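**Q** Here it is, the structure in full.
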Amino acid sequence: MDQSLLVFVTVAEKENFTRAAEELHMTQPAVSQYIQTFERMVGTKLLERNNKYVRLNKAGEIVYHHAKEILGLYTRMQCLVDDLMHTASGNLPIGASSTYGEYVLPHIIAHLREQYPLIKPTITIGNTKEIAELVASHQLDIGIVEGNFKHEKLHIEPIAEDLMFIIISANHRFANRKEIQISELSKEIWIVREEGSGTREATEKMFDKFQFHPHNIMEFGSTQIIKESVKEGLGITLLSHWAVRKEISLGTLKMLKINGLPVSRKFSLITQATQFHTKATEVFLDILRKNEALPELNMNDY
Numbered sequence: 001m002d003q004s005l006l007v008f009v010t011v012a013e014k015e016n017f018t019r020a021a022e023e024l025h026m027t028q029p030a031v032s033q034y035i036q037t038f039e040r041m042v043g044t045k046l047l048e049r050n051n052k053y054v055r056l057n058k059a060g061e062i063v064y065h066h067a068k069e070i071l072g073l074y075t076r077m078q079c080l081v082d083d084l085m086h087t088a089s090g091n092l093p094i095g096a097s098s099t100y101g102e103y104v105l106p107h108i109i110a111h112l113r114e115q116y117p118l119i120k121p122t123i124t125i126g127n128t129k130e131i132a133e134l135v136a137s138h139q140l141d142i143g144i145v146e147g148n149f150k151h152e153k154l155h156i157e158p159i160a161e162d163l164m165f166i167i168i169s170a171n172h173r174f175a176n177r178k179e180i181q182i183s184e185l186s187k188e189i190w191i192v193r194e195e196g197s198g199t200r201e202a203t204e205k206m207f208d209k210f211q212f213h214p215h216n217i218m219e220f221g222s223t224q225i226i227k228e229s230v231k232e233g234l235g236i237t238l239l240s241h242w243a244v245r246k247e248i249s250l251g252t253l254k255m256l257k258i259n260g261l262p263v264s265r266k267f268s269l270i271t272q273a274t275q276f277h278t279k280a281t282e283v284f285l286d287i288l289r290k291n292e293a294l295p296e297l298n299m300n301d302y
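If you read the sequence shown in full-length UniProt numbering, its first letter stands for residue 1, the second for the next number, and so on.
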């Protein structure tokens, strides 16, 4: 691996030569020399420097983006070679959209660690679009996301079904109704996820399906914030059964029974479109595809 590339990326992320030197266990003059050599090789300045900060300029942003991808490819290559002689071990960078990452993935990771304690997973949470971009740029080995999308650089396959329900506070006036028409909810405040979220996509599809257009919508960037807001009576929402299992069992949230619901959607597994995967990735994919560690849905709770 080109050491200059690693030094450049570290300086860009630390925004400081001294901190970068400490991270790399090098002297500051050595770091400066690597940067100067690298800039000469590229043919232009990449960093804006002053006494307070070091920042990427326009050329630096381009080089940084590609440098991250190159370093990711190098790390992946080295892991694949190491795997030829060893059992499944090492780092496993995983990305997941919030519903799966926060409410399902911990069960999968626990199952993985029981069988393969030498694998060290790291988890990045983001919306569907963000996770797909990180996998495509080789910064993540695996992504699990909500919603439907296509990407020319990625292999995409459905791995699990998710059921989504309209959720209200236990103190809502409809909480004890046995059945309700969705048209009765038009004047409610609907709390939805941000654009790019799989949960938001499912909500929009439900609105279209019922030709239903709420008068009041609030957009929040976190499922946990939405749940807390609904519990406090701020509005109602559409959420995955995995996200509300605990609150439903405790009685702090209620699920409305409406004809045509629940909404069904798929979680999809995304990986690089290649036949080569590390052993750590392969065993994790095997667990995912068998669905053997997914938390079960008990419809009696609803």
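Heads up, the beta-carbon is just placed ideally off N, CA and C, and yes, glycines get one too.
Because the structure is a prediction, the values reported are computed rather than measured.
Identify the continuous alpha helix (DSSP H) that holds Ile225 and give its terminal residues.
**A** One-based indexing of the sequence shown puts residue 225 at position 225. From DSSP, the alpha helix (DSSP H) with Ile225 extends over 223 to 231.
**Q** Check Ala21 in the structure and name its three-state DSSP category.
**A** For the purposes of this step, residue 21 is identified with residue 21 of the sequence shown, where counting begins at 1. Looking at Ala21 - three-state DSSP - the assignment turns out to be helix.
**Q** Would you check if the distance between the CB atom of Phe165 and the CB atom of Pro262 is smaller than 7 Å?
**A** Reading the sequence shown from its first residue, position 165 is the one you call residue 165. Reading the sequence shown from its first residue, position 262 is the one you call residue 262. Annotated as proximal: Phe165 and Pro262, with beta-carbon spacing under 7 Å.
**Q** Are Glu188 and Ile236 touching if we call contact CB-CB under 7 Å?
**A** Taking the sequence shown and counting its residues from 1, one reaches residue 188 at position 188. Taking the sequence shown and counting its residues from 1, one reaches residue 236 at position 236. Taking 7 Å as the cut-off, the beta carbon of Glu188 is found closer than this to the beta carbon of Ile236.
**Q** Give the list of continuous beta strand (DSSP E) stretches no shorter than 3 residues that lie fully inside the segment 253 to 299.
**A** 253 to 255, 263 to 272
**Q** Check Leu140 in the structure and name its three-state DSSP category.
**A** As a working note, residue 140 is residue 140 in the sequence shown. Leu140: coil per DSSP, three-state reduction.
**Q** Considering Pro106, what are the terminal residues of the alpha helix (DSSP H) in which it resides?
**A** In the sequence shown, residue 106 corresponds to position 106, counting from 1. 105 to 115 is the span of the alpha helix (DSSP H), which, as asked, contains Pro106.
**Q** Taking the C-alpha atoms as reference points, what is the distance between Arg113 and Thr128?
**A** Locating residue 113 in the sequence shown gives position 113, where the first residue counts as 1. Locating residue 128 in the sequence shown gives position 128, where the first residue counts as 1. C-alpha separation (whole angstroms): 25 Å.
**Q** For Thr128, write down the residues that DSSP places opposite it in a beta bridge.
**A** Position 128 of the sequence shown holds residue 128. Thr128 pairs with nothing; no bridge assigned.
**Q** Locate the beta strand (DSSP E) running through Glu201, then write down its first and last residues.
**A** Reading the sequence shown from its first residue, position 201 is the one you call residue 201. It is not in any beta strand (DSSP E) - Glu201 instead sits in the alpha helix (DSSP H) that spans 198 to 209.
**Q** Is it buried or exposed, Asp162, if we count other Cβ atoms within 10 angstroms and call 16 or more buried?
**A** Taking the sequence shown and counting its residues from 1, one reaches residue 162 at position 162. Asp162 is buried by the Cβ-count criterion.
**Q** Could you compute how far the alpha carbon of residue 306 sits from the alpha carbon of Tyr103?
**A** A question about residue 306 goes unanswered here, because the residues of the chain that appear run from 1 up to 302.
**Q** On the CB-based measure, 16 or more other CB atoms within 10 Å of its CB, does Tyr53 come out buried or exposed?
**A** The sequence position of residue 53 within the sequence shown is 53, counting from 1. Burial call: exposed.
**Q** Where Ala88 and Ser137 are concerned, what is the direct C-alpha to C-alpha distance, given to the nearest angstrom?
**A** Here residue 88 corresponds to residue number 88 of the sequence shown, with the count starting at 1. Here residue 137 corresponds to residue number 137 of the sequence shown, with the count starting at 1. If I take the Cα positions, the gap works out to 23 Å.
**Q** On the three-state DSSP scale, how would you describe Thr10?
**A** Along the sequence shown, one-based indexing puts residue 10 at 10. Correct three-state label for Thr10: helix.
**Q** Could you tell me if residue 303 is buried or exposed, where buried requires 16 or more neighbouring beta carbons within 10 angstroms of its beta carbon?
**A** In the structure as shown, the chain begins at 1 and stops at 302. Residue 303 is therefore absent and cannot be evaluated.
**Q** Counting pairs of Cβ atoms below 8 Å between the segment 265 to 278 and the segment 152 to 161, do you hit three or more?
**A** yes
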